[in-house]
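Below: the structure, in structure tokens.
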Amino acid sequence: MSELTFQVTSFTCRDRTLGWVPEGDTIHNAARRVGEALVGKAIESIETPHPRHGRDRWPEWLAGREVRSVEALGKHLLVRFDGGLMLHSHLRMTGWWGVYPRGARWGRSPRRAWLVLRTSEHEVVQFDGPVLELMTDSRTRVDQRLAGLGPDILAGEFDRELFLRRLREDDPTRGIGDALLDQRNLAGVGNRWKSEGCFHAGIDPWRPVAAVGDDEALRVVEELIPRMRDSAAGGVQTRERAIFERAGLPCPRCGARISARGQGDAGRTTYWCPGCQR
Ligand SMILES: [Zn+2]
């Protein structure tokens, strides 16, 4: 984590993403913005300013290729070029995709840019990595970080059967809140939406997966899909929150005090209402 968190102190007030951890809605929103700027446009230059990519020679590999598509897959963003090459990005906790008119001031310091793609009209910038790699389409079919993903909650048609199958293959003693964060079960849901989804479905995130019915697990997803779609359409700032980061405040449904505690191996803080989530 130290590599990822050292940058937080240098956030500026111009950065709209201050305090926001990217989840599937953020990435789907980024894929739309990046796609509008790049798909079908001539890429005039590609830079990889970060020292980690200093010897990768991506500009040579990608010179003259057109961007075919930009897709979100869970929390991953894929920029596909002609000729079967693809840039794979995962923003983890701190990254951001910025799209700016040529010459406009960027939302983060240029020192934090890992990738800059320029067209005649736009600069598309990936800030703060930490996963940025050039790979072939064929590798994406075997790379478990992508091929092993569960169904994307923001896919046009959410695959409910696959979600339930993966959930039932998971450790039945695991808390449902923790299982929903596992991208092999459900792609795109992060810590914030996991807490919100369990709240809106009225389900205690600590209940073991074995004690959560299929209808209840699906209810969490059904509560999340429209909210995450709205957020993906509008951008990160539109994300509502009923209980996330509201520990100690009254529950908006029953008035009991909202609780918070670390859950799962990663200890990500789960927020829930002991009064009305069962
Ligand atoms: Zn409540």
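Residue numbers for the sequence shown follow the working numbering, beginning at 682 and rising by one. Ideal Cβ positions, reconstructed from N, Cα and C, are used throughout, including at glycine. Note that the structure is a prediction, hence the values are computed from the model and not measured.
With 16 other Cβ atoms within 10 Å as the buried cut-off, status of L930: exposed
Report whether the distance from the Cβ of C879 to the nearest heavy atom of ligand 1 is below 7 angstroms. no
Anticipated Cβ contact below 8 angstroms, V715 with V751, distance rounded: 5 angstroms
Could you tell me which of I834, P703, F880 and T821 sits nearest to R959, measuring between CA atoms? F880
What separation, rounded to the nearest whole angstrom, lies between the Cα atoms of R746 and Y952? 46 angstroms
R927 CB to nearest heavy atom of ligand 1 below 7 angstroms: no
Chain-order list of residues whose beta-carbon lies under 7 angstroms from that of A860 (same chain, five-residue window excluded): L848, D851, N866 and V890
T854 - containing beta strand (DSSP E), residue span: Counting along the chain, T854 falls outside any beta strand (DSSP E), and DSSP gives it neither H nor E.
Assumed close pair G869, I924 - CB separation to whole angstroms, cut-off 8 angstroms: At roughly 20 angstroms, the Cβ-Cβ gap does not stay under 8 angstroms, so G869 and I924 are not in contact.
Along the chain, where does the alpha helix (DSSP H) containing E897 start, and where does it finish? D895 to G915
Check for me: the alpha helix (DSSP H) holding W742 runs from which residue to which? W739 to L743
Pairwise C-alpha distance: L798 and S770: 14 angstroms
Rounded separation between H734 and M767 - CA only: 15 angstroms
Segment limits, alpha helix (DSSP H) that includes R714: G705 to L719
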